[in-house]
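*Asks:* Shown below is the structure under consideration.
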Amino acid sequence: MDNSFYAFAALVIFLAIALYFGIPKIVGKMLDGQIQKIADDLAQAKKLREEAAALLVEYEQKRVAAESEAEGIIAAAKEEAVRLTAEAQASLAELVTRRTKAVEDKIAQAEAQAISEVRARSADVAIEAARLVLTDEMGKKGGTVVDKAIADVSNRLN
1 MDNSFYAFAA
11 LVIFLAIALY
21 FGIPKIVGKM
31 LDGQIQKIAD
41 DLAQAKKLRE
51 EAAALLVEYE
61 QKRVAAESEA
71 EGIIAAAKEE
81 AVRLTAEAQA
91 SLAELVTRRT
101 KAVEDKIAQA
111 EAQAISEVRA
121 RSADVAIEAA
131 RLVLTDEMGK
141 KGGTVVDKAI
151 ADVSNRLN
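Anchor point for the sequence shown: position 70 equals 70 in this note's numbering, and the numbering is continuous, going up by one each time.
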């Protein structure tokens with residue numbers, strides 16, 4: 001007998017003992033437990049994947065809503081900027097108009113004052129010139145002018 005026979009006999013005895021003690025059932029139960037655990041893990045993974053997909057959809061909706069809200073805020077800010085620019089331009093135009101009118105009023109007042117001063121000075125010069133002319137005339141023809149004025153007054157009275 002050779003060693004192969006003894007190895008084969010040992011294998012048959014081993015398998016007989018394994019069957020007698022129900023090792024295939026134990027191994028089957030262990031494998032069934034592992035299969036069930038893997039199936040549970042797969043079900044859990046599927047459930048988590050579905051939850052993740054739902055969260056992805058929810059966050060995508062939130063992102064879209066946030067983008068539209070941001071666009072609304074930007075549009076409102078642009079409108080506000082346009083309004084403030086228009087108000088600033090109107091305010092600036094009003095300020096320029098008021099300042100221009102104030103300067104024009106000051107110029108007109110200065111012009112009127114200058115004209116008044118020129119007239120007063122002209123009147124003073126005219127009075128002084130008349131005084132000089134009358135003084136000169138009275139010095140040369142003083143008596144004749146007085147006699148003529150008296151005669152003129154007496155003619156007018158009569």
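For every residue, glycine included, the Cβ atom is placed at its ideal position computed from N, Cα and C.
Whole angstroms are fine: how far does the CA of Ile-74 sit from the CA of Arg-98?
*Replies:* Mapped onto the sequence shown, residue 98 falls at position 98. Mapped onto the sequence shown, residue 74 falls at position 74. Roughly 35 Å separates the two Cα atoms.
*Asks:* Along the alpha helix (DSSP H) that carries Phe-14, what are the first and last residues, could you check?
*Replies:* Taking the sequence shown and counting its residues from 1, the one referred to as residue 14 is at position 14. That run of the alpha helix (DSSP H) goes 3-20.
*Asks:* Under 7 Å Cβ to Cβ from Ala-93, same chain only, skipping five residues before and after it: list those, please.
*Replies:* The residue labelled residue 93 in the question sits at position 93 within the sequence shown. Hits under 7 Å: none found.
*Asks:* Could you compute how far the alpha carbon of Ser-91 sits from the alpha carbon of Ile-107?
*Replies:* On the sequence shown, position 91 is the one that residue 91 refers to. On the sequence shown, position 107 is the one that residue 107 refers to. So the alpha carbons of these two residues sit roughly 24 Å apart.
*Asks:* Keeping to the same chain, check which residues put their C-beta closer than 6 Å to that of Leu-56; ignore five residues upstream and five downstream.
*Replies:* Here residue 56 is taken as the residue at index 56 of the sequence shown, counted from 1. Contacts found: none.
*Asks:* Excluding the five sequence neighbours on either side, which residues of its own chain have a C-beta within less than 6 Å of the C-beta of Gln-61, listed in chain order?
*Replies:* For the purposes of this step, residue 61 is taken as the residue at position 61 of the sequence shown. Result list for Gln-61: empty, nothing under 6 Å.
*Asks:* Could you name each continuous alpha helix (DSSP H) segment of 4 residues or more that falls completely within the region 22-57, going from the start of the chain to the end?
*Replies:* Segments of the alpha helix (DSSP H) lying fully in the region 22-57: there are none.
*Asks:* Grab me the residues of Ala-18's own chain with a C-beta within less than 8 Å of its C-beta, minus the 5 sequence neighbours each way, in chain order.
*Replies:* Taking the first residue of the sequence shown as 1, we reach residue 18 at position 18. Answer for Ala-18: Pro-24, listed in chain order.
*Asks:* If you draw a straight line from the alpha carbon of Leu-42 to that of Ala-77, how long is it in whole angstroms?
*Replies:* In the sequence shown, counting from the first residue as 1, residue 42 sits at position 42. In the sequence shown, counting from the first residue as 1, residue 77 sits at position 77. Roughly 51 Å separates the two Cα atoms.
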